[in-house]
Amino acid sequence: MKKNRILLLFAHPSQHRSNVNAPLFEYAKSLDYVTAVDLYAKYPTYQIDIDDEQQLLNAHDVVIFQFPFYWYSTPSILKEWQDLVLEYGYAYGQDGKALQGKLFICAISAGGKEEAYRAKGYNHFTVRELLQPLEQTAYITGMTYLPPFALFSSRSAQFDHALSSHLAQWKLLLQALYHNSIDVRATESLITINELLGGSKTQGDKA
Amino acid sequence: MTIYFIQAFVYLLAAVITVPLAKKLGLGSVLGYLIAGVIIGPVTGIVGQETVTIQHFAEFGVVMMLFLVGLELHPQMLWKMRNRLIGLGGLQVLLSTILISLVTYLLGQAFTVAIAVGLIFSLSSTAIVLQTFNEKGLSKTDGGKNAFSVLLMQDIAVIPMLAFIPMLALPELVALAEQGKVAAQHHEELSLVAGLPTWAYALAILASISSVVVLGHFLSRPLFHYVAQSGLREIFVATALLIVIGIAALMSLVGLSPALGTFMAGVVLANSEFRHELESNIEPFKGLLLGLFFITVGAGIDFNVLTSHFAVVVGLTVAVMVIKGGVLWGLASLFKIRNSDRWLFALSLAQAGEFGFVLLSFSIQNSVIPDHVAQILQLVVALSMFLTPSLFILFEKVIMPRYQTTNSSQPFDVIDEKGKVIIAGGGRFGQVVNRLLVANDIKTVVMDLDASQVENLRTIKIKTFFGDATRPELLHTAGIDNASALVVAIDDRESAKSLVHYAKQSFPNIKIITRAYDRGHNYELRQAGADIIVNETYHSALEVGAQAMTSLGYHPFLVEQKKFAFIKTEVQASQHLYERWSLRSEGEQYDHDYRKLFMQIEEAIKEAMQSDRLDKHSHDERGWTPPPKGYENDFDS
Chain C
1 MKKNRILLLF AHPSQHRSNV NAPLFEYAKS LDYVTAVDLY AKYPTYQIDI
51 DDEQQLLNAH DVVIFQFPFY WYSTPSILKE WQDLVLEYGY AYGQDGKALQ
101 GKLFICAISA GGKEEAYRAK GYNHFTVREL LQPLEQTAYI TGMTYLPPFA
151 LFSSRSAQFD HALSSHLAQW KLLLQALYHN SIDVRATESL ITINELLGGS
201 KTQGDKA
Chain P
1 MTIYFIQAFV YLLAAVITVP LAKKLGLGSV LGYLIAGVII GPVTGIVGQE
51 TVTIQHFAEF GVVMMLFLVG LELHPQMLWK MRNRLIGLGG LQVLLSTILI
101 SLVTYLLGQA FTVAIAVGLI FSLSSTAIVL QTFNEKGLSK TDGGKNAFSV
151 LLMQDIAVIP MLAFIPMLAL PELVALAEQG KVAAQHHEEL SLVAGLPTWA
201 YALAILASIS SVVVLGHFLS RPLFHYVAQS GLREIFVATA LLIVIGIAAL
251 MSLVGLSPAL GTFMAGVVLA NSEFRHELES NIEPFKGLLL GLFFITVGAG
301 IDFNVLTSHF AVVVGLTVAV MVIKGGVLWG LASLFKIRNS DRWLFALSLA
351 QAGEFGFVLL SFSIQNSVIP DHVAQILQLV VALSMFLTPS LFILFEKVIM
401 PRYQTTNSSQ PFDVIDEKGK VIIAGGGRFG QVVNRLLVAN DIKTVVMDLD
451 ASQVENLRTI KIKTFFGDAT RPELLHTAGI DNASALVVAI DDRESAKSLV
501 HYAKQSFPNI KIITRAYDRG HNYELRQAGA DIIVNETYHS ALEVGAQAMT
551 SLGYHPFLVE QKKFAFIKTE VQASQHLYER WSLRSEGEQY DHDYRKLFMQ
601 IEEAIKEAMQ SDRLDKHSHD ERGWTPPPKG YENDFDS
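As they're listed, the protein sequences go chains C and P. For the first sequence, UniProt numbering gives the first residue as 1, with consecutive numbering after it. For the second sequence, UniProt numbering gives the first residue as 1, with consecutive numbering after it.
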């Protein structure tokens with residue numbers, strides 16, 4: 001079966017305070033099938049190299065945005081990255097077919113509880129709903145959108161067991177993306193892809 | 001005169017041949033010097049009686065060493081060490097003295113002799129131990145640090161011992177000495193305090209100690225400034241020697257240990273901006289004199305006494321080392337020194353020291369220990385010193401590996417320390433670099449050649465040291481061996497280049513970040529091995545250009561983009577330019593082809609700027625460009 005090459009674009013502006021995203025990113029960095037890019041380290045002054053980023057995109061089959069959820073969206077450098085790199089004629093428009101067929105997924109950490117991200121919760125929308133601009137970006141650029149890989153209550157995750165099980169799921173997810181073994185159809189109705197990964201390790205092992 | 005040349009030649013030759021050999025065999029330099037001494041002394045008999053005279057001279061190396069030790073110790077640090085100094089060091093001296101005295105007494109010596117012997121053998125060899133720690137990089141280990149505080153306490157303890165030992169004089173030896181007094185007359189040392197009543201003596205001691213502290217604190221700085229302004233290196237060396245020798249002389253005059261005096265002076269000067277310069281000037285003298293001292297120890301071994309009392313000497317040496325090692329081992333467990341550090345602590349300090357020789361001859365002079373006993377004891381001291389390097393080898397080869405394997409299973413300590421940065425040049429450039437780093441709690445050592453600049457910086461509380469950073473030994477004393485980065489911020493083009501070159505050759509792992517005067521200098525520094533080079537005017541000039549554009553009405557954000565495009569094009573071109581530059585013919589800074597290339601890059605920059613302004617869609621046009629008019633019809637729905 002075809003193996004996917006994964007491009008992980010990580011955006012975290014204060015990594016010295018990160019205790020969820022940093023270990024996830026460090027783990028991904030250790031895999032040889034993942035190209036892990038720390039955007040804030042690569043572009044500390046936001047001077048994004050469009051050519052370089054487009055070449056990276058061309059060389060990979062899966063694009064992951066990894067970031068802490070800031071005001072229901074990405075940290076600013078990821079927005080800057082979209083504004084600059086997803087050019088007309090490259091990512092969309094008449095000749096803009098460079099991203100077609102790639103898989104796209106967000107890996108986010110949110111401070112609020114999972115219950116808050118519901119119609120009845122104080123955030124009123126699910127994370128999948130809040131990420132709709134990115135979902136639509138994936139559609140218009142011809143990428144296959146997967147529901148987000150999310151960790152809720154991230155501020156306390158390191159103190160209970162949430163972080164270690166999240167990390168275990170992260171490993172499963174990267175493996176499944178690499179082996180191209182995710183059933184996209186089955187994810188369509190999900191809020192987060194975590195539900196598919198579940199606690200059931202068999203899924204990942206089979207892949 | 002000729003005889004001095006020949007003697008000096010013999011000593012130097014012996015050292016030059018044996019020391020590197022000993023080092024190569026992993027024995028350490030101290031053992032090398034001792035072997036050299038044995039070869040030229042008792043084995044071949046090339047040198048003879050004069051070794052005793054030379055030894056007195058060479059003891060000055062110990063004095064210098066303590067000065068250097070003092071320079072490394074801030075008073076605050078000394079205060080922080082007080083528990084270990086008094087607790088660990090004090091107990092070591094006390095317990096070793098009691099036990100060794102007891103054994104000596106049981107071996108049939110008089111009570112007073114026993115106490116004197118106990119005192120003499122409680123001391124360890126600062127010279128051997130510190131030198132070996134330095135060579136083997138053990139100074140920063142727990143065992144090394146604790147051993148150091150014990151050594152320091154011992155050096156301090158020498159002073160009361162010198163006062164106490166004469167009280168132990170044996171009546172029959174004194175009587176003997178009375179008879180030979182006329183002969184001994186000219187041996188009497190020059191002294192200011194001889195014959196003074198006790199209160200005046202105490203007053204004199206107090207006065208000289210406080211004068212060292214006060215003068216060191218207030219007078220040294222103007223003196224160094226005066227000398228530094230002259231710009232003559234050898235005069236600075238002379239000044240450094242003047243201070244050390246002057247203090248030693250003063251201390252001897254009032255009957256105190258010169259080593260203690262210079263140690264105190266060192267501590268007083270530890271916060272001085274001239275510290276590194278002093279260190280690097282005294283260091284070579286110290287090294288040579290200490291080497292000489294060890295040679296004389298080797299040469300002074302009397303084979304006749306050794307062969308006739310071989311079993312006694314060996315037995316006593318083993319006994320001394322076992323007792324001292326046992327005391328140290330016990331104290332180490334009491335003070336929670338663990339694992340390999342405990343071994344290091346116990347093994348490294350088990351020998352008797354150079355002060356043992358000093359105190360022995362002092363005891364003979366004061367009729368405390370009979371001559372024939374002293375001769376054997378001298379051999380015991382020498383032999384124990386001789387055995388010490390082999391104990392270090394034992395520690396390194398046998399004990400340390402064993403603990404390293406067990407250590408690796410323990411969780412590692414988190415190392416927070418990011419390492420320090422040495423900044424060469426404290427002018428307007430280096431200052432800003434230093435301010436940013438220090439504000440972020442990064443340890444820096446700033447060095448500047450201009451004494452008045454150093455003074456200015458010190459008045460605004462920027463810790464700066466006087467010294468020429470391009471001199472390797474100064475870089476060394478500034479601690480380049482354990483630094484993470486070197487910032488070259490000096491404005492002299494040639495010095496910057498040679499500094500970069502030297503640092504890259506000698507410390508390939510250190511990051512070298514330099515300031516370049518201009519493009520040519522930039523390339524030269526790159527050739528010399530700098531890792532990161534920043535042209536000193538480049539960024540500020542670009543900023544001024546950008547400000548000019550903004551004042552002309554360009555949108556500030558657009559100007560920022562133009563600046564970035566400018567830098568990017570330059571960076572892309574710089575590799576070509578550098579290659580072209582390095583092909584230039586001898587003697588000219590830029591050749592014709594280089595100039596042509598440079599013009600091409602100017603064109604490329606211009607193009608990069610223009611491309612954005614074209615009002616048509618091309619692939620050159622980048623950054624927040626809207627899709628073309630009518631693009632909405634691309635999509636069917």
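For each residue, glycine too, the CB sits at the ideal point set by N, CA and C. Please read these numbers as outputs of a predicted model, since none were measured by experiment.
8 Å contact criterion, which VAL47 (chain P) and VAL10 (chain P) should meet: CB distance rounded: 6 Å
Alpha-carbon to alpha-carbon, SER582 (chain P) and ILE193 (chain C): 56 Å
Interface flag, TYR43 (chain C) vs chain P, CB-CB below 8 Å: no
Partners in chain C for TYR631 (chain P), counting only beta-carbon separations shorter than 7 Å: TYR88, GLY93
Strand pairing of PRO197 (chain P), partner residues [DSSP]: None; PRO197 (chain P) has no bridge partner.
Interface residues of chain P facing ASP83 (chain C) [CB-CB closer than 8 Å]: TRP624
Residue-level contact to chain C via CB, residue 665 (chain P), 8 Å cutoff: Because chain P here runs from 1 to 637, residue 665 (chain P) falls outside it and cannot be looked at.
Amino acids of chain C, ordered along the chain, whose beta-carbon sits closer than 9 Å to that of PHE566 (chain P): Those do not exist, as PHE566 (chain P) stays about 11 Å from chain C at its closest Cβ, beyond 9 Å.
Proximal residues to GLN229 (chain P) (C-beta, below 7 Å), its chain only, five neighbours per side dropped: ALA451
Burial state of THR406 (chain P), where buried means 16 or more other Cβ atoms lie within 10 Å: Low confidence applies here, because THR406 (chain P) scores a pLDDT of 46, under 50, leaving its location unreliable; read the following figure in that light. The residue is exposed, with fewer than 16 neighbouring Cβ atoms inside 10 Å.
Interface residues of chain P facing GLN47 (chain C) [CB-CB closer than 8 Å]: PHE564, LYS568
Validate contact between the stretch 473–481 of chain P and the stretch 492–512 of chain P using beta carbons, cut 8 Å, 3 pairs: yes
Assigned secondary structure, ASP448 (chain P) (DSSP; H/G/I helix, E/B strand, else coil): strand
For ILE532 (chain P), the residue or residues it bridges with in DSSP: P:ILE513
Residue-chain proximity (ILE50 (chain C), chain P), Cβ-Cβ < 8 Å: yes
Under the three-state DSSP convention, the category ASP38 (chain C) falls into: strand
Anticipated Cβ contact below 8 Å, VAL487 (chain P) with ILE513 (chain P), distance rounded: 5 Å
C-alpha gap between GLU524 (chain P) and LYS497 (chain P), whole angstroms: 7 Å
C-beta neighbour in chain C for PRO628 (chain P), strict 8 Å: yes
6 Å Cβ shell around SER101 (chain P) - same chain, five flanking residues per side excluded: ALA114, ILE115, GLY118
Counted within 10 angstroms of its Cβ, other Cβ atoms place GLU279 (chain P) as buried (16 or more) or exposed: buried
Three CB pairs or more closer than 8 Å across the stretch 129–144 of chain C and the stretch 168–181 of chain C: no
Range of the contiguous beta strand (DSSP E) that encloses THR464 (chain P): 464–466
Three-way DSSP call (helix, strand, coil) for LYS616 (chain P) in this model: Bear in mind that a pLDDT of 39 at LYS616 (chain P), under 50, signals an unreliable position, so the model cannot answer this.
Same chain, Cβ closer than 6 Å to PRO13 (chain C), five either side skipped, listed in chain order: TYR40, PRO75
Short Cβ contact (8 Å threshold) for LEU334 (chain P) with LEU394 (chain P): no
Coarse secondary structure for GLN66 (chain C), derived from DSSP in three states: strand
Inter-residue spacing [alpha-carbon to alpha-carbon] between residue 644 (chain P) and GLY96 (chain C): As shown, chain P starts at 1 and ends at 637. That puts residue 644 (chain P) outside it, with no answer to give.
Cα-Cα separation, GLY32 (chain P) to ARG402 (chain P): 27 Å
Distance cut-off 7 Å: ASN271 (chain P) Cβ against heavy atoms of the ligand FMN: The ligand FMN is not among the ligands present in this structure, which contains no ligands whatsoever.
Of the residues P:ALA573, P:ARG221, P:ALA15, P:GLU579, the one placed nearest ALA604 (chain P), counting alpha carbons only: P:ALA573
ASP448 (chain P) burial status per 10 Å Cβ neighbour count (16 or more: buried): buried
Those residues which DSSP pairs with ALA483 (chain P) across a bridge: P:LYS420
Short CB-CB distance (under 8 Å) between VAL559 (chain P) and chain A: Of the protein chains in this structure, namely C and P, none is chain A.
Three CB pairs or more closer than 8 Å across the stretch 340–358 of chain P and the stretch 126–135 of chain P: yes
ALA284 (chain P) vs VAL30 (chain P) beta-carbon contact at 8 Å: Here residue 284 (chain P) turns out to be Pro, not Ala, going by the sequence shown. No, these two residues do not count as a Cβ contact at 8 Å.
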